[in-house]
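Peer 1:
Residue numbers (the working numbering): 2 to 68.
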(Lines of atoms letter the chains of each structure in order from A; the text may use other names.)
(Lines give C-alpha, C1' and ligand atoms only; values in the text may rest on other atoms or scores of the structure.)
Protein backbone atom coordinates (compact mmCIF):
# COMPACT_ATOMS: atom_id res chain seq x y z
CA UNK A 2 0.00 0.00 0.00
CA UNK A 3 2.85 2.38 0.82
CA UNK A 4 4.31 1.95 -2.67
CA UNK A 5 0.95 2.75 -4.27
CA UNK A 6 0.45 5.86 -2.14
CA UNK A 7 3.98 7.22 -2.58
CA UNK A 8 3.78 6.65 -6.34
CA UNK A 9 0.43 8.48 -6.57
CA UNK A 10 1.84 11.37 -4.53
CA UNK A 11 4.83 11.61 -6.90
CA UNK A 12 2.68 11.39 -10.03
CA UNK A 13 0.25 14.02 -8.76
CA UNK A 14 3.12 16.28 -7.61
CA UNK A 15 1.47 16.55 -4.20
CA UNK A 16 4.82 17.11 -2.48
CA UNK A 17 3.49 18.23 0.88
CA UNK A 18 1.27 15.16 1.34
CA UNK A 19 1.95 12.96 4.32
CA UNK A 20 1.08 9.29 4.66
CA UNK A 21 -0.34 8.68 8.12
CA UNK A 22 -0.52 5.17 9.51
CA UNK A 23 -3.40 4.43 11.85
CA UNK A 24 -2.68 1.13 13.63
CA UNK A 25 -5.85 1.61 15.69
CA UNK A 26 -7.86 1.21 12.47
CA UNK A 27 -6.31 -2.04 11.31
CA UNK A 28 -8.38 -3.86 8.74
CA UNK A 29 -6.47 -7.11 8.69
CA UNK A 30 -4.88 -6.20 5.37
CA UNK A 31 -1.49 -5.94 7.06
CA UNK A 32 -1.53 -9.70 7.48
CA UNK A 33 -1.79 -10.24 3.73
CA UNK A 34 1.38 -10.86 1.78
CA UNK A 35 0.76 -9.91 -1.82
CA UNK A 36 3.68 -10.75 -4.03
CA UNK A 37 3.52 -10.28 -7.78
CA UNK A 38 6.81 -12.15 -8.06
CA UNK A 39 5.42 -15.22 -6.30
CA UNK A 40 2.26 -15.10 -8.41
CA UNK A 41 4.32 -14.71 -11.60
CA UNK A 42 6.51 -17.64 -10.70
CA UNK A 43 3.60 -19.90 -9.86
CA UNK A 44 1.28 -19.02 -12.76
CA UNK A 45 3.64 -17.60 -15.39
CA UNK A 46 1.79 -14.27 -15.40
CA UNK A 47 3.57 -11.01 -16.11
CA UNK A 48 2.07 -7.52 -15.80
CA UNK A 49 1.54 -5.70 -19.09
CA UNK A 50 2.53 -2.36 -17.52
CA UNK A 51 4.50 -1.29 -14.46
CA UNK A 52 2.76 -0.14 -11.30
CA UNK A 53 3.87 3.43 -12.01
CA UNK A 54 2.55 3.35 -15.59
CA UNK A 55 -0.74 1.78 -14.52
CA UNK A 56 -1.25 4.36 -11.77
CA UNK A 57 -0.37 7.20 -14.16
CA UNK A 58 -2.93 5.91 -16.68
CA UNK A 59 -5.55 5.53 -13.94
CA UNK A 60 -4.88 9.03 -12.62
CA UNK A 61 -5.16 10.49 -16.14
CA UNK A 62 -8.44 8.62 -16.70
CA UNK A 63 -9.80 9.85 -13.37
CA UNK A 64 -8.91 13.46 -14.15
CA UNK A 65 -10.73 13.24 -17.50
CA UNK A 66 -13.73 11.41 -16.05
CA UNK A 67 -14.17 13.53 -12.93
CA UNK A 68 -15.19 16.49 -15.06
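Beta carbons: idealized from backbone N, C-alpha and C, even for Gly. Note that the structure is a prediction, hence the values are computed from the model and not measured.
Is residue 45 helix, strand or coil by DSSP?
Peer 2: coil
Peer 1: Starting from residue 61, trace the alpha helix (DSSP H) in both directions and tell me its first and last residue.
Peer 2: 52-66
Peer 1: Tell me which residue opens and which closes the alpha helix (DSSP H) that residue 10 is part of.
Peer 2: Taken as a continuous stretch (DSSP letters only), the alpha helix (DSSP H) holding residue 10 covers 3-12.
Peer 1: Would you check if the distance between the CB atom of residue 6 and the CB atom of residue 60 is smaller than 8 Å?
Peer 2: Contact flag unset, no.
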